[in-house]
Amino acid sequence: MTNFREVTRATKTVWSGEREYLAHGATQVPVVHSVSFGYEDVDEWYEVAIGNKDGHIYGRNTNPTVQAFEDKVKALEGAESATSFSTGMAAISNSLSTFLKPGDRVVSIKDTYGGTNKIFTEFLPRLDVEVVLCETADHEQLEAEVAKGCNILYLESPTNPTVKITDIERMVKAAKKVNALVFVDNTFATPMNQNPIDLGADLVIHSATKFLGGHADALGGVVCGKPDLVDTIYHYREINGATMDPMSAYLLLRGMKTLDLRNERQCESAMKIATYLQNHDAIEYVFYPGLENHHNHDIAKKQMRNFGGMLSFSLKGGLDAVREFLPKLEYANRAANLGSVETVVGPARTTSHVECTPEERKAMGIPEGLVRYSVGIEDVNDLIDDLEQALSNIKSS
Ligand SMILES: *Cc1c(COP(=O)(O)O)cnc(C)c1O
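So the number in this note's numbering is just where the residue sits in the sequence shown, counting from 1, plus 4.
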């Protein structure tokens, strides 16, 4: 088989992870809707069951379509191993639960995805795990907290929805000194723009529901890293049961074939839209790591190949202006997802941070009038025209 390490990521999106799962001359990976896998030979069955021989036993553990999905993500992240989940949140919660026990300590940032933030503030403390949430871009504070000792340093960069950037390589150095594992949620960057494993992270997590799938028609999550860590997480997942469905795996696998194409268009359009918005009278502030006035543009430039398809902006007129503006957009779904071929918009207070109270959002630096904008693959000029007509004549500005 071709050594996929030698081809570019774009070629990997199309070819990686598929060949060994093809059957009967099919050119596409089959959706194997079988709950279990049978064996005539009792000894062979046993060998597969105890892991001495490749094969499948039961759908909660492994499935060929799901494995093809894992293999493709693994190739794109340059990881040795990957395991998948029913959702991104299942990937995050299972990965944390695999390694944490009462008395442990987690250091993270204030700007993690809303669901992740809830795990940190609501569920982990209940299990007597201490969680310290630092200012996302305050590297000194993060380093100081890590130096006090921790089991896991959990990062997300860029963050949702204000696309803040944390220096992954620098944080890995701090974590290594205290033997902490480093997890990075790479959902916003995608493997096209950033590979945390190359920056020293132990585990990379994705909500596959977003850019990996790209079509907003399947939920999924995935974790990549070294085999010993990933196998341990896999074992936790096979017992706890948050398994990816084969049909979702197929849809995500198909979506990933165009990941590089989509990403190229989305990054280019996001930069143009961010620049356009920055110069618009109705706009208060634009958050996009590609903008030179972004607080950590230099770090983004250092650790990312491109700046991604996500941006956010606040309207001068606050929430009232958002109420007027959003319904006027013609080429955008007003919805909670992101990373799709269609442009998706929504107020952060209704989408990524709906689980938080207004006070919590304020503490996280998320204005009530903040709009998250996930750039689709439409023609960028059409998107800018659409923004222009929706932003004109806002009474509340
Ligand atoms: C959506 C999202 C998640 C959660 O993924 P689900 O598939 O919705 O469970 C986690 N992290 C980030 C950054 C996300 O955008």
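Note that beta-carbon positions come from the ideal geometry of N, C-alpha and C, so glycine has one too.
Open item on the list: Can you list, in chain order, the residues of its chain with a C-beta nearer than 7 Å to that of Leu-323? Leave out the 5 residues immediately preceding and following it.
Closed with: Glu-372, Gly-373
Task: Extent of the continuous beta strand (DSSP E) run through Tyr-158 - done: 156-160
Task: Simplified DSSP state of Cys-360, which is helix, strand or coil - done: coil
Open item on the list: Give me the residue from Phe-187, Thr-262, Met-251 with the minimum Cα distance to Asn-155.
Closed with: Phe-187
Open item on the list: ligand 1 and Lys-399: does any heavy atom of the ligand fall closer than 8 Å to the residue's C-beta?
Closed with: no
TODO: Examine the Cβ distances between the segment 142-158 and the segment 175-186 and report whether three or more of them are shorter than 8 Å.
DONE: yes
Open item on the list: Ignoring anything shorter than 4 residues, give me the alpha helix (DSSP H) runs that lie fully in the segment 58-127, in order along the chain.
Closed with: 68-81, 92-103, 118-122
TODO: Could you spell out the range, first to last residue, of the alpha helix (DSSP H) harbouring Leu-137?
DONE: No alpha helix (DSSP H) contains Leu-137, which is instead part of the beta strand (DSSP E) from 134-138.
Task: Distance between Thr-66 and Arg-376 (C-alpha atoms, nearest Å) - done: 36 Å
- [ ] Assign Met-251 to one of two classes, buried (16 or more other C-beta atoms within 10 Å of its C-beta) or exposed (fewer than that).
- [x] exposed
- [ ] Return yes when the C-beta of Asp-189 is under 8 Å from any heavy atom of ligand 1, and no when it is not.
- [x] yes
Open item on the list: Quick check: the Cα distance between Ser-378 and Val-133, rounded to an integer number of angstroms?
Closed with: 34 Å
Task: Chain-order list of residues whose beta-carbon lies under 6 Å from that of Asp-249 (same chain, five-residue window excluded) - done: none
Task: Any non-hydrogen atom of ligand 1 within 8 Å of Ser-211 CB - done: yes
Task: Through-space distance from Ile-172 to Thr-140, alpha-carbon basis - done: 11 Å
Task: Tyr-292, DSSP secondary structure in three states - done: coil
- [ ] Assign Pro-351 to one of two classes, buried (16 or more other C-beta atoms within 10 Å of its C-beta) or exposed (fewer than that).
- [x] buried
Open item on the list: Any heavy atom of ligand 1 inside 8 Å of the beta-carbon of Met-93?
Closed with: yes
Task: Expected contact under 8 Å - CB spacing of Leu-315 and Val-290 to nearest Å - done: 7 Å
Task: CB contact flag (Ile-370, Pro-165, <9 Å) - done: yes
Task: Local Cβ density within 10 Å of Arg-338, reported as buried at 16 or more and exposed below that - done: exposed
- [ ] With DSSP collapsed to three states, give me the class of Phe-317.
- [x] strand
- [ ] May I ask you to check if the CB of Glu-160 is nearer than 8 Å to at least one heavy atom of ligand 1?
- [x] yes
TODO: For Tyr-377, write down the residues that DSSP places opposite it in a beta bridge.
DONE: Leu-315, Val-349
TODO: Quick one: grab the DSSP three-state call for His-299.
DONE: coil
Task: Minimum C-alpha distance to Arg-258 - residue among Lys-276, Thr-236, Ala-222 - done: Ala-222
Open item on the list: Could you compute how far the alpha carbon of Leu-265 sits from the alpha carbon of Ala-14?
Closed with: 8 Å
- [ ] Since I believe Ala-253 is in contact with Phe-73 (beta carbons under 8 Å), could you give me their beta-carbon distance rounded to a whole number of angstroms?
- [x] 4 Å
Open item on the list: Looking at Ser-161: is its Cβ nearer than 9 Å to the Cβ of Gln-393?
Closed with: no
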